[in-house]
Every structure is written in C-alpha cells, then in structure tokens.
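Let me begin by presenting the structure, written as structure tokens, before commenting on it.
Numbering (our numbering), first residue to last: 657 to 986.
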C-alpha cells in the first residue's frame, strides 16, 4: 500500500494508534477467521515489511519506534539490491521516536551500471528499509519522496507462509530470513506471511493466499506450530488435507515442506515423524514437496531453545530449498 509517498511492502493496511501507525499484513476479513494468536498477538509484527521509496531531495528522514521485545530491533537499509554502506547499513530502532536519516545514493551511475551488468532485480534508486520482525510503528517521513514504479522492482514475487521459522525468529537480522535469502538467490521479490507460534493451516488462510494475484510461486511450511500446539494427529491431518486441497487447484507453483529438524524430546520427535508422514501423504501428491529433514537435518544448527534453527540452519534451508525451486524454473 502507498502512504506518504512510501510503498509499504507486505502491508495490507495501516492502523492508526495513539503513538503512530501499526502495520497489518492481511485484511481483517481474513485475520478475524484465524486462531487467537494469529488474530491478535502477532497481528502487527513487521515480518517481511519494507518501506520502499525513491528520494527526490538530498535525503529523507524516517521516524519509527519499536515496541519492547526480547531481541534487538534493527532496520536494514538497501539501495535497490545493494546493502547500504557502513554509514547507512543498519539503524537500531528504539522504544522512543527514532529518526533515521537516509541520503540519496552517493554514486548512482555506478550502481545503475552494476545493476545492469549483474542482472540485479531492484533499481538502486529505490530505498528499501527492511524492518525487523517485531512490532514497529511508523511515525512519518520528512523529505521529497515518491513510491517506486513497477519497472523499479523485480518481475517475479515469491510468497512464503509458515511458522516463526518462516517469520524469521532467530535469524537475528531480517535479511537472513529464508524467504529474503531465497528471493535474493532467485532474483525476485518476496512476501512473508510467517506467523510466529500460530501457523495453524487454516483453510481461510490458504484461500486468501490463492486469491492474491501478486505472487508467482509460493511455499508453505507445515507442522511445527501444531506439533507444539496440542493438536492430535487426526486434527492435524484434517487441517493439512483441507489446506493442501486449496493449493492443489492453483496453477502457480506451490512448494511444500514438513517439520524441519529440531532437537526436542523423544516424545516430540516421534510425533514429528508422524506429522511429517501426514504432510507427505497430501502434499507429496498435489504440491512440490520436499521433506523438512532434507532442508535441515543438522542438530548443531539448531538454537539453544531446541526448536528454532540458528542462522546457519536458516541459511541451509534457503540454499537447499532455492536449489529445489530452480529445478522448476521459478
């Protein structure tokens, strides 16, 4: 959506609050049909959100603030496909108003030539402020800015749905999430519909994703939230069946995976093995399926919480899944 000359990428609507604008990724018509956690708790997470604009003045000053969270809240600045230089690479967002000054690119001609020579997908005049996956508020922007045009952006878009692992938990930086990395490797744009602790495979979410015309291929990560969410195998199977059935009617490529490797107890490992078989039973026939253990199977690359991949594990998922996707010409 466009607001104050900015393209709020991966945002469906801005919700005015007392201290600024919160960013919501899906419409209320869908959100209100989801589980309580997805509906309310992670409603305003800035997962996959980028503030994109072109600067017509010498600089722009962006005002943001973060809600208190467990992890550092850092915004990463890109000039098109190029990470910002050391003075403009990243900025910490505080719980008080944080003003981020962003200059126009220093050598636009060189960046434009490199973009063409290297076949990079973004116009380097497009500023991309990649927000962290916690909750951020937009307060405003100063300077002469305008939203990017379609020709400034990649031709294709990848949409990712899944748990906190898709959302980016423990990636430490938003550009290290696997949806961001896969898009980078494939030279495309991305939409991140990761839902921390609440990817419960609702049919309504699948129908919403399929209804969207702004993606060219998608991935769905299924299982880990329902494994730890006290769902029985029968309940999980019914969710998977109906969820996959919606995507099976879709002509665009949909890549599916099951629970990645993790270091939980024997009880959860046994249940995870059953859940993986259920996902394979349905997605293996109707979608482009890769078992989660084929994407991540190294126990040394799981974090101390025993569930979430550490950065090395996330990068392995991105490497292996993007290789699968390349085989299908996306």
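Backbone N, C-alpha and C fix where the C-beta goes; we use that ideal spot for every residue, glycine too.
In whole angstroms, what is the alpha-carbon distance linking residue i and residue j?
i, j, result
"residue 903", "residue 942", "8 Å"
"residue 880", "residue 915", "6 Å"
"residue 730", "residue 961", "22 Å"
"residue 723", "residue 967", "24 Å"
"residue 682", "residue 740", "29 Å"
"residue 759", "residue 783", "9 Å"
"residue 785", "residue 890", "43 Å"
"residue 954", "residue 917", "7 Å"
"residue 906", "residue 939", "13 Å"
"residue 896", "residue 924", "19 Å"
"residue 951", "residue 981", "12 Å"
"residue 871", "residue 848", "11 Å"
"residue 702", "residue 911", "24 Å"
"residue 857", "residue 738", "35 Å"
"residue 853", "residue 838", "22 Å"
"residue 657", "residue 846", "15 Å"
"residue 947", "residue 876", "12 Å"
"residue 718", "residue 661", "12 Å"
"residue 850", "residue 769", "35 Å"
"residue 977", "residue 855", "19 Å"
"residue 933", "residue 677", "43 Å"
"residue 669", "residue 688", "14 Å"
"residue 735", "residue 705", "16 Å"
"residue 958", "residue 714", "44 Å"
"residue 748", "residue 728", "8 Å"
"residue 716", "residue 944", "43 Å"
"residue 825", "residue 789", "8 Å"
"residue 991", "residue 964", "Given that the chain is displayed from residue 657 to residue 986, the structure contains no residue 991 and the question cannot be resolved."
"residue 659", "residue 888", "44 Å"
"residue 763", "residue 772", "15 Å"
"residue 797", "residue 691", "34 Å"
"residue 686", "residue 865", "10 Å"
"residue 821", "residue 931", "17 Å"
"residue 974", "residue 675", "36 Å"
"residue 795", "residue 815", "27 Å"
Quick one: give me the first and last residue of the alpha helix (DSSP H) that residue i is part of.
i, result
"residue 770", "764-774"
"residue 699", "From DSSP, residue 699 is part of no alpha helix (DSSP H); its letter is neither H nor E."
"residue 833", "No alpha helix (DSSP H) contains residue 833, which DSSP labels as neither H nor E."
"residue 969", "967-983"
"residue 695", "Taken as a continuous stretch (DSSP letters only), residue 695 belongs to no alpha helix (DSSP H), as it is neither H nor E."
"residue 786", "Element bounds for residue 786: not the alpha helix (DSSP H) but the beta strand (DSSP E), 782-786."
"residue 686", "684-687"
With DSSP collapsed to three states, give me the class of residue i.
i, result
"residue 804", "coil"
"residue 988", "Within the shown structure, residues of the chain are numbered from 657 to 986, placing residue 988 beyond reach of any answer."
"residue 791", "strand"
"residue 681", "coil"
"residue 821", "helix"
By the DSSP assignment, the beta strand (DSSP E) with residue i in it spans what residues?
i, result
"residue 758", "754-759"
"residue 672", "669-673"
"residue 731", "730-735"
"residue 722", "715-722"
"residue 710", "706-711"
"residue 746", "746-748"
Under 8 Å between C-beta atoms, does residue i make it to chain C?
i, result
"residue 737", "The chain inventory of the structure shown lacks chain C, comprising one protein chain alone."
Which runs of the alpha helix (DSSP H) spanning at least 4 residues fall entirely within the segment 837-895, listed in chain order?
-> 859-867 and 880-883
Do the segment 703-710 and the segment 784-802 touch if we need at least three Cβ pairs shorter than 8 Å?
-> yes
Entirely enclosed alpha helix (DSSP H) segments - the segment 899-955, minimum 4 residues | 922-942 and 948-951
Three CB pairs or more closer than 8 Å across the segment 855-866 and the segment 826-837 | no
Counting pairs of Cβ atoms below 8 Å between the segment 743-754 and the segment 686-697, do you hit three or more?
-> no
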